[in-house]
Amino acid sequence: MSAKSELFGKRVEVLDKGWIELQDMMGDDISIVNAARVSFLGESKGDDKDKKLLFYLLRHRHTSPFEQVEMKFRVRAPVLVWWQWARHRTWHYNAQSGRYTPFKEDDFYVPTIWRKQSKDNKQASEGVIDPAEADALTAEMLKHFDEGFALYERALAAGVAKEQARLFLPGFAVYYTWVVKTDVHNLMHFLSLRTASDAQEEIRVYAQAIYDHFFKPALPWTAEAFEKYVLRRE
Ligand SMILES: Cc1cc2nc3c(=O)[nH]c(=O)nc-3n(C[C@H](O)[C@H](O)[C@H](O)COP(=O)(O)OP(=O)(O)OC[C@H]3O[C@@H](n4cnc5c(N)ncnc54)[C@H](O)[C@@H]3O)c2cc1C
Numbered sequence: 000m001s002a003k004s005e006l007f008g009k010r011v012e013v014l015d016k017g018w019i020e021l022q023d024m025m026g027d028d029i030s031i032v033n034a035a036r037v038s039f040l041g042e043s044k045g046d047d048k049d050k051k052l053l054f055y056l057l058r059h060r061h062t063s064p065f066e067q068v069e070m071k072f073r074v075r076a077p078v079l080v081w082w083q084w085a086r087h088r089t090w091h092y093n094a095q096s097g098r099y100t101p102f103k104e105d106d107f108y109v110p111t112i113w114r115k116q117s118k119d120n121k122q123a124s125e126g127v128i129d130p131a132e133a134d135a136l137t138a139e140m141l142k143h144f145d146e147g148f149a150l151y152e153r154a155l156a157a158g159v160a161k162e163q164a165r166l167f168l169p170g171f172a173v174y175y176t177w178v179v180k181t182d183v184h185n186l187m188h189f190l191s192l193r194t195a196s197d198a199q200e201e202i203r204v205y206a207q208a209i210y211d212h213f214f215k216p217a218l219p220w221t222a223e224a225f226e227k228y229v230l231r232r233e
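Take the sequence shown: its letters are residues 0 to 233, numbered as in numbering that gives the first Met the number 0.
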């Protein structure tokens, strides 16, 4: 088993200025097995039997033992990611407040590519636009951000409260830092939806980073069972 403590505080860069850190974690693969075995007032019976039981639990949707393990992350992501992430009601959230903390000039997400609107899915994208047009759009975006930020600073200098001055900022692109926590049952639900090909790329890279850098190393048996029974639906 991987030492969980090695993962604490590890920062994984996501998008142009975002990141994820694992702040805390309660439990591991064995905690799931032990939670299930309380039915018989028993505990771990060695690696082979424990792993087999964990796989049995997920295959048969006996999901409550997976709620006994929790993970807490500190995440920096643009509003367009939070807009989607916050729909997951089984997570617990605390967010940076633009009413308390002023924004900085580089607090905005600038995509490295511009994806094309999908032809057959109204909410999806496919391929990328012409590179020359992409460069021109990025230049316009940076100009727009500079102008918005200058107006934000002007409003603050005029004595406007931070809670209102932020109306000048480019809303969907603003980076916010949140602390988010959930249990492994609901984290798997989030990961299955948000790593899927129909999820928006910007949230997909956060979900994939959680899976690759934290979930899989911290919960290797659960990850193996998740890939087998949830992602591949065996
Ligand atoms: C590709 C994609 C496109 C989307 N497009 C849109 C869109 O266009 N518009 C839009 O509004 N949303 C959209 N969503 C958001 C989606 O509808 C869900 O709100 C979001 O994915 C959270 O899923 P969830 O409710 O299953 O998760 P959670 O809120 O974490 O809940 C997990 C599970 O708990 C149960 N649960 C939680 N709360 C309740 C409750 N109050 N009552 C009953 N059961 C509950 C449900 O079984 C639920 O599946 C989209 C999501 C995806 C992945």
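Even for Gly, the Cβ is constructed at its ideal location relative to N, Cα and C. The structure displayed is predicted, hence computed values, not measured ones.
No heavy atom of ligand 1 is found nearer than 7 Å to the CB of Gln207.
Restricting attention to Pro219, Arg232 and Tyr228, the CA atom closest to the CA of Asp46 is found in Pro219. Each of Trp84, Asp28, Asp106 and Lys215 was checked against the Cα of Asp15, and the nearest Cα belongs to Asp106.
The Cβ atoms of Tyr92 and Trp18 lie no closer than 8 Å to each other. The bridge partners DSSP lists for Ile202 come to none.
Look at Arg232 here: in three-state DSSP terms it is coil, with no helix or strand label.
Judged by beta-carbon spacing, Phe225 lies within the 8 Å limit of Leu57, meaning their Cβ atoms are closer than that value. Cβ contact annotation for Tyr228 (same chain, cutoff 7 Å, sequence separation greater than five): Leu57 and Arg58, in chain order.
Residue side-chain check: Thr89 places its Cβ nearer than 7 Å to a non-hydrogen atom of ligand 1. Counting only the Cα atoms, Asn120 lies some 24 Å from Tyr108.
Between Gln67 and Gly26 the beta-carbon gap is near 6 Å, inside 8 Å, which marks them as a contact.
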